[in-house]
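Mapping of the sequence shown onto this note's numbering: residues 10 to 291, in sequence order.
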Amino acid sequence: MKLFRYFVVRENGRPVAVLPLSLIDGLDPLGQLGARYPVTGAERGLLSHVWHCYDAWLPGERHLAAVVEAMRGLAAELEAEWYGFVNVAHDSPLREGLIGLGFPAEHIEDRFRLDLRGLPDPFAHATPRARINLRRGRRRAAEAGVWQRVGVAAESDLMEIGRLCARTAARHGTGGFYPPELFAEFVAGLGDLALAIEIRQEERLIAAGVVLRDGRRFHAWACGVDYDVKGGFSPYALLHAATAEQAVHEGCEVLEGGRGNATFKLRHGLSRLALDACLLRV
Numbered sequence: 010m011k012l013f014r015y016f017v018v019r020e021n022g023r024p025v026a027v028l029p030l031s032l033i034d035g036l037d038p039l040g041q042l043g044a045r046y047p048v049t050g051a052e053r054g055l056l057s058h059v060w061h062c063y064d065a066w067l068p069g070e071r072h073l074a075a076v077v078e079a080m081r082g083l084a085a086e087l088e089a090e091w092y093g094f095v096n097v098a099h100d101s102p103l104r105e106g107l108i109g110l111g112f113p114a115e116h117i118e119d120r121f122r123l124d125l126r127g128l129p130d131p132f133a134h135a136t137p138r139a140r141i142n143l144r145r146g147r148r149r150a151a152e153a154g155v156w157q158r159v160g161v162a163a164e165s166d167l168m169e170i171g172r173l174c175a176r177t178a179a180r181h182g183t184g185g186f187y188p189p190e191l192f193a194e195f196v197a198g199l200g201d202l203a204l205a206i207e208i209r210q211e212e213r214l215i216a217a218g219v220v221l222r223d224g225r226r227f228h229a230w231a232c233g234v235d236y237d238v239k240g241g242f243s244p245y246a247l248l249h250a251a252t253a254e255q256a257v258h259e260g261c262e263v264l265e266g267g268r269g270n271a272t273f274k275l276r277h278g279l280s281r282l283a284l285d286a287c288l289l290r291v
């Protein structure tokens with residue numbers, strides 16, 4: 010079962026805070042909670058946002074107590090066993106507010122980001138070895154007929170990109186995050202807020218990323234990679250480089266690099282930000 014609700018906090022009729030919620034059977038789809046909470050993972054939970062969102066927050070934390078109370082009531086009504094927030098930044102006011110309301114805060118994952126302000130180029134903080142590998146990889150890729158394209162995602166073949174993302178995620182047991190038809194419909198509906206970055210060898214798609222932009226941050230939201238290439242280069246490294254350079258080109262302050270692949274991201278100059286889960290029994 011999966012169900013979505015939206016809380017809207019209003020003052021004198023004016024909306025001042027919004028929180029999307031998801032009710033899911035199978036509280037722990039990524040297997041991150043079992044070592045931190047007394048759960049099997051199969052329980053029903055009412056959670057903030059969705060698991061794939063690495064940036065859970067609530068605008069207007071002063072309304073947090075009212076939101077949490079309403080959330081608890083809705084969780085009981087929907088017969089959820091747990092409720093709360095996942096993917097809360099460790100240094101956020103939201104985390105501190107939830108702790109003050111009695112929620113534990115348990116580290117579950119890290120996200121990675123790169124502050125682009127004042128950098129001469131997006132690889133300025135990368136290790137010397139990473140920069141050497143990037144130059145060599147780009148040279149080899151060019152010799153092997155690789156090229157890239159950046160454009161509004163709605164104008165790309167989103168079914169093709171969605172299938173590649175799903176195959177990549179399936180290696181980690183999360184292929185269901187990218188049902189190609191739903192993925193294509195959702196991304197197309199974002200208009201020019203979503204970009205597609207495609208890396209192709211001849212005409213074959215070997216890496217693709219869908220990037221979300223909000224004017225200040227450049228979110229590397231979803232990606233897929235096919236490592237079965239000829240030429241001795243990493244399609245993922247090419248995709249990361251193209252994404253970072255596009256972020257700089259658009260004048261963004263921050264590249265949000267998503268979760269996972271810590272070794273690569275730290276080597277390429279991104280910094281780590283811990284994410285916590287803050288959950289209570291209903």
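Note that CB positions come from ideal geometry on N, CA and C, so glycine has one too. Fair warning: this is a prediction, and the values are worked out from it, not measured in the lab.
Buried/exposed call for residue i, threshold 16 Cβ in 10 Å
i	result
K294	Given that the chain is displayed from residue 10 to residue 291, the structure contains no residue 294 and the question cannot be resolved.
L264	buried
R122	buried
V196	buried
E190	exposed
I141	exposed
H277	buried
T49	exposed
D37	buried
V97	buried
T177	buried
P244	buried
T252	buried
Segment limits, beta strand (DSSP E) that includes residue i
i	result
F227	R226 to V234
A205	A203 to Q210
L282	S280 to R290
P129	No beta strand (DSSP E) contains P129, which DSSP labels as neither H nor E.
P29	R23 to D34
Three-way DSSP call (helix, strand, coil) for residue i in this model
i	result
Y92	strand
A261	Here residue 261 turns out to be Cys, not Ala, going by the sequence shown. DSSP places C261 in coil when its eight states are reduced to three.
H249	helix
Q157	strand
C62	coil
G54	strand
H116	strand
G171	helix
R180	coil
V18	strand
V76	helix
A98	strand
From the options, residue whose alpha carbon lies closest to that of residue i
i	options	result
R14	L32, T272 and R23	L32
R281	G35, V76 and D100	D100
A283	V291, R290 and G267	G267
L287	H116, R23, D64 and L12	Checking the sequence, you will find Cys at residue 287 rather than Leu. Among H116, R23, D64 and L12, the Cα nearest to that of C287 belongs to H116.
Delimiting residues of the alpha helix (DSSP H) encompassing residue i
i	result
R145	P137 to E152
V196	P189 to A197
Closer than 7 Å: residue i CB and nearest the ligand FMN heavy atom
i	result
G260	Absence of the ligand FMN from the depicted structure is noted, as is the absence of any ligand whatsoever, leaving it without description.
- prompt: Are at least three pairs of beta-carbons, each pair with one atom in the region 85-95 and one in the region 50-63, less than 8 Å apart?
  reply: Yes, the region 85-95 touches the region 50-63.
message: Taking 8 Å as the cut-off, does the region 204-215 touch the region 151-164 (at least 3 CB pairs, one atom from each stretch)?
response: Three or more beta-carbon pairs drawn from the region 151-164 and the region 204-215 are found closer than 8 Å, and the two stretches are therefore classed as touching.
- request: Decide if the region 70-84 is in contact with the region 101-115; the criterion is three or more beta carbon pairs, one per stretch, under 8 Å apart.
  value: Below 8 Å, enough C-beta pairs join the region 70-84 and the region 101-115 to call them touching: three or more.
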